[in-house]
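The structure appears below as structure tokens.
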Amino acid sequence: MAIRQHFDTELLENTHWWIGGACFPATVSSSSDPPAAGTAAEHFDKVSASYERVTGGCTREVAQFLLTLQPTVDTSSVVLDNACGTGIITEEILERFPTSSKPKVYAADFAPSMVSSLSTNAASKGWVNGEDGLVEASVMEAEELTFPDNMFTHSYTNLGILSENPEKGASHIYRTLQPGGTAFVTTWSKLGYLSPVRMAQKSVRPDSTPLGITDKRGMVY
């Protein structure tokens, strides 16, 4: 399956990938600082409480499908929920196992409120966020993962590789996989909601810049 022609060939030959669509750039902020104004991190930090409702549950539907693909997660798995948002992948994985035996899940996202929401949910379900629990959640950018090399048996990046440097994000996914580990990556082939929004925008403000995701080169998607 094609990813992008300029991805590292070793990465393609040694890692299993499930890719949906193409990558779209977006502006990201440093995980060590509060999200900067006008960035994707700031946007997602503001919408954590309503994220699943406003997205119509599509992220969960894709997550449920991903978890049916081989190799599936088992109790010995070490899992990364990358660009985790509110922890939909994490929740779907842990709910599939008996209370007494579950895999360990590490979750990371660049939006602090998303990580806080996941941690609260994990605590309410008795999963206990932190090193001694089933879930360890951190504020971390997908392009700057600080996990050790060769750590994860399964890495899930569900609708979360919308970054200005997807190649760098992919390299961190690969770096943190164990030999023979599997990465599952999904993204939109097209941001379908932009078309009707742009039509409305053109009608109301015909001289304005079309709404979209703008990268450092000024390209709008």
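Note that the sequence shown covers residues 297 to 517 in this note's numbering.
Every residue, glycine too, gets a C-beta built ideally from N, C-alpha and C.
Cβ pair residue i, residue j closer than 8 Å
i	j	result
Leu362	Tyr452	yes
Val401	Thr386	yes
Gly383	Leu414	yes
Asp503	Ala407	no
Pro399	Val369	yes
Asn461	Glu437	no
Contact belief for residue i with residue j at Cβ below 8 Å, rounded distance in angstroms
i	j	result
Ala403	Asp377	4 Å
Thr355	Leu455	6 Å
Val411	Ala418	Not quite, the Cβ-Cβ distance comes to about 10 Å (not below 8 Å), so this is no contact.
Ile457	Thr483	5 Å
Residues of its chain near residue i, where Cβ-Cβ distance is below 8 Å and the 5 sequence neighbours each way are ignored
i	result
Thr472	Leu376, Leu441, Phe443, Pro444, Asp445, Asn446, Met447, Phe448 and Ser451
Gln497	Ser504, Pro506 and Leu507
Glu432	Lys400, Val401, Tyr402, Ala403, Asn425 and Gly426
Phe393	Thr371 and Pro399
Neighbourhood of residue i by C-beta, 7 Å cutoff - its chain only, sequence neighbours within 5 removed
i	result
Pro367	Thr478
Tyr347	Gly381 and Thr382
Gln360	Glu388
Pro539	Outside the shown range of the chain, which is 297 to 517, sits residue 539, and nothing can be said about it.
Asp494	What sits at residue 494 in the sequence shown is Arg, not Asp. Counting only Cβ-Cβ distances below 7 Å, and skipping sequence neighbours, we find Pro506 and Leu507.
Ser396	none
Beta-carbon proximity list for residue i, same chain, < 6 Å, skipping 5 on both sides
i	result
Ser434	Ala404
Ser499	none
Trp501	Residue identity differs from the one stated: residue 501 is Arg in this sequence, not Trp. If we look at Arg501 and ignore the five residues flanking it on each side, it has no Cβ neighbours.
Ile469	Ser451 and Ala479
Lys464	Glu439
Assigned secondary structure, residue i (DSSP; H/G/I helix, E/B strand, else coil)
i	result
Gly476	strand
Phe448	strand
Ser434	strand
Thr355	helix
Phe320	A caution first: Phe320 carries a pLDDT of 29, below 50, which makes its placement in the model unreliable, though a value can still be read off. Three-state DSSP puts Phe320 in coil, outside helix and strand.
(request) Quick one: which unbroken beta strand (DSSP E) runs of 3-plus residues sit fully inside the segment 363-426? Chain order, please. (result) The segment 363-426 contains these whole beta strand (DSSP E) runs: 374-378 and 400-405.
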